[in-house]
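Before any comments, here is the structure.
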Amino acid sequence: TRGGELRRELIKRQRKGEVVPFPEVYVASPKKARQRGKGKRARPGRNRTAKLLGAEVVDLGEYRDPRVVLMDWLRRPDNPYFAKAFVNRVWASYFGRGIVEPADDLNLANPPSNGPLLDYLAEGFIEHDYDMKWLHRTILLSDTYQRDWRPNETNLHDQRHFSRAIPRRLEAEQVFDAVLAATANTARNRSMKRDLQGRAIAVPGPPRNARRDPLNYSLTVFGRSTRESNCDCDRSSDPNLLQVVYLQNDTAVLTRIRNGGWVAEVAGRPAPSQANAKAKAKAMQAAKRRAQNLQKRLTQLQKQLRAVRRSPAKRKQAARLQRQVTETRKALAKVEKQIRPKQSKTAAKSGLKWSLSRAIEDAYLRTLSRPPTREEAAIATEFIGESKTPAEGIEGLLWALINTKEFIVNH
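Heads up: the sequence shown is residues -18 to 392, going by my numbering.
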């Protein structure tokens, strides 16, 4: 349809809870072959056929829905591809690498690191009627999955045979959603369990305009697959300096920590509406760009003023440049004041809405998925006490936890 009208209409109906007629939208029933030519030149037409991978040729004219024959082929016990590919993908999601690695490169030239293990899981998956719960349960209850990440002398250099858990950085989508969950208020955090809107794992396509969109920019920084090929091997999990800078100093991360999220909830500040938050973020970006332009202008004027002052004959020009420098400095100071984060007067006077111990424990739970140790709780309490306000201390604690290795690494 023109301009994606059908797609928008389907989304509207889904949000209203209406039933979307997926078969009518996606299934085009094959038509019977028509006779070619007329009279003596008439020839019977050919029905459309499809060749199943490693199997027979199928006449699509015999099926009202061509997906039926495809699903029947996928679930054949003698299908050598589907069960192993599915099992390998699930295994890779838990261990960071598949029994066949890369996980989407199953071919004879790339043998599995443990063939009997792959065969056992694939056969069990088929025997249990492709029950995904059985597969996940079997992997999670295995000794292999529950092994410690700390190596010993026998498995120190093992990266392939799953003799120990290997610490690895979270994937790009997981990093974005983890930051979102850590900084969101309690209501938004709970809704993320059932609502995928705004989450990176719900974005289907490759990044576009990565520099303009904060979500796609963060996914690019953390090495999301560009999907330029049919192999997932272009996805990167290697750490780099830009990732550190992003978590420590990116505007999107700092805005989530400071404005209308969990810190505001702890401090008792009202959360702004979504539209208001977007408007404030847009105004903040514009103010930062104006500050950069004013700083460049000020540097140029000061350079011109120094050059003119060397000549006594150019006193009038020097006076004019001096006035421009003064006006530019005032404008820059005004813009920088807009950029500087404002501390809520209510929070400064009344402290925190939550108890300090509860706030510290919740900060650890939402970032590291564990409560703090006694030593960590004592350090956090001391840090918050030394801050200008309790709210500012909680903000600094959350920022510090997001920038720990324990937050970014799956161990």
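Glycine is no exception: its CB is placed at the ideal position from the N, C-alpha and C atoms.
Proximity of residue i and residue j at Cβ, strictly below 9 Å
{"i": "V81", "j": "I120", "result": "no"}
{"i": "G77", "j": "P61", "result": "no"}
{"i": "A153", "j": "F203", "result": "yes"}
{"i": "A272", "j": "E209", "result": "no"}
{"i": "L302", "j": "Q285", "result": "yes"}
{"i": "I375", "j": "V247", "result": "yes"}
{"i": "S74", "j": "R141", "result": "no"}
{"i": "A349", "j": "E387", "result": "Here residue 349 turns out to be Leu, not Ala, going by the sequence shown. Cβ distance < 9 Å, so L349 and E387 count as in contact."}
{"i": "A462", "j": "V50", "result": "Outside the displayed range of the chain (-18 to 392) lies residue 462, so it cannot be described from this structure."}
{"i": "L116", "j": "V68", "result": "yes"}
{"i": "R150", "j": "P83", "result": "no"}
{"i": "R339", "j": "Y345", "result": "no"}
Straight-line gap, residue i to residue j (C-alpha atoms, nearest Å)
{"i": "G377", "j": "H109", "result": "50 Å"}
{"i": "Q305", "j": "K315", "result": "15 Å"}
{"i": "T354", "j": "D343", "result": "13 Å"}
{"i": "L99", "j": "A264", "result": "54 Å"}
{"i": "R278", "j": "I320", "result": "18 Å"}
{"i": "T207", "j": "L200", "result": "10 Å"}
{"i": "Y111", "j": "D53", "result": "13 Å"}
{"i": "A159", "j": "E356", "result": "25 Å"}
{"i": "R29", "j": "L55", "result": "20 Å"}
{"i": "P132", "j": "T280", "result": "55 Å"}
{"i": "N136", "j": "G105", "result": "28 Å"}
{"i": "L(-13)", "j": "S172", "result": "28 Å"}
{"i": "D46", "j": "G249", "result": "57 Å"}
{"i": "R270", "j": "R(-11)", "result": "35 Å"}
{"i": "P185", "j": "A66", "result": "21 Å"}
{"i": "T370", "j": "R347", "result": "22 Å"}
{"i": "T307", "j": "L275", "result": "12 Å"}
{"i": "D215", "j": "L102", "result": "27 Å"}
{"i": "E363", "j": "K(-3)", "result": "50 Å"}
{"i": "R237", "j": "Q283", "result": "37 Å"}
{"i": "R290", "j": "A299", "result": "6 Å"}
{"i": "A328", "j": "G366", "result": "Because A328 carries a pLDDT of 40, less than 50, the predicted location of this residue cannot be relied on, and the following value inherits that uncertainty. For A328 and G366, the distance between alpha carbons rounds to 14 Å."}
{"i": "K114", "j": "Y126", "result": "16 Å"}
{"i": "G96", "j": "D124", "result": "18 Å"}
{"i": "R180", "j": "Y198", "result": "14 Å"}
{"i": "G79", "j": "D85", "result": "9 Å"}
{"i": "W130", "j": "S217", "result": "21 Å"}
{"i": "K330", "j": "A372", "result": "Any reading at K330 must be qualified, since the residue scores a pLDDT of 44, below 50, and its modelled position is unreliable; the value itself is stated next. In a straight line, the C-alpha of K330 is about 11 Å away from that of A372."}
{"i": "A358", "j": "Q224", "result": "27 Å"}
{"i": "P148", "j": "K261", "result": "39 Å"}
{"i": "I107", "j": "W335", "result": "52 Å"}
{"i": "D176", "j": "S368", "result": "36 Å"}
{"i": "R239", "j": "L379", "result": "10 Å"}
{"i": "P293", "j": "L235", "result": "50 Å"}
{"i": "L222", "j": "F63", "result": "39 Å"}
{"i": "N391", "j": "E134", "result": "22 Å"}
{"i": "S325", "j": "I341", "result": "Caution applies to S325, whose pLDDT of 45 falls short of 50 and renders its modelled position unreliable; the value that the coordinates give is listed next. Each residue's alpha carbon lies about 20 Å from the other."}
{"i": "W183", "j": "Q(-5)", "result": "Residue 183 is actually Ala in this sequence, not Trp. Going by the C-alpha atoms only, they are around 15 Å apart."}
The beta strand (DSSP E) enclosing residue i, as first and last residue numbers
{"i": "A31", "result": "T30 to K32"}
{"i": "V81", "result": "Careful: V81 lies outside any beta strand (DSSP E) and carries neither H nor E."}
Start-to-end residues for the alpha helix (DSSP H) that takes in residue i
{"i": "D40", "result": "No alpha helix (DSSP H) holds D40; the beta strand (DSSP E) holding it covers V38 to D40."}
{"i": "N170", "result": "T167 to S172"}
{"i": "P97", "result": "G96 to E108"}
{"i": "Q155", "result": "A153 to T164"}
{"i": "F67", "result": "F63 to F76"}
{"i": "V244", "result": "W243 to A248"}
{"i": "R239", "result": "T232 to R239"}
{"i": "G374", "result": "P371 to I383"}
{"i": "V50", "result": "R48 to L55"}
{"i": "V316", "result": "R296 to I320"}
{"i": "K395", "result": "Residue 395 falls outside the range modelled here, since the chain spans only -18 to 392, and no answer is possible."}
{"i": "T362", "result": "R355 to E367"}
{"i": "A183", "result": "It is not in any alpha helix (DSSP H) - A183 carries neither H nor E in the DSSP assignment."}
{"i": "E387", "result": "K386 to I389"}
{"i": "N197", "result": "P195 to V202"}
{"i": "D343", "result": "L337 to L349"}
{"i": "I396", "result": "An answer regarding residue 396 cannot be provided, because it is not within the stretch -18 to 392 covered by the chain."}
Whole-Å CB distance - residue i paired with residue j, under 8 Å assumed
{"i": "A168", "j": "P195", "result": "Actually they are not in contact, since the Cβ atoms of A168 and P195 sit about 22 Å apart, beyond 8 Å."}
{"i": "A146", "j": "R118", "result": "About 19 Å; that fails the 8 Å criterion."}
Minimum Cβ-Cβ distance from residue i to chain C less than 9 Å
{"i": "Q224", "result": "In the structure shown, chain C cannot be found, because there is only a single protein chain."}
Counting pairs of beta carbons, one from the segment 42 to 53 and one from the segment 86 to 98, are three or more of them closer than 8 Å?
-> Look at the beta carbons and you see the segment 42 to 53 not touching the segment 86 to 98: under three pairs across the two are nearer than 8 Å.
Using 8 Å as the Cβ pair cut-off and three pairs as the minimum, do the segment 373 to 391 and the segment 227 to 235 touch?
-> The segment 373 to 391 is in contact with the segment 227 to 235.
Would you be able to state if there are at least three C-beta pairs under 8 Å between the segment 162 to 171 and the segment 229 to 243?
-> yes
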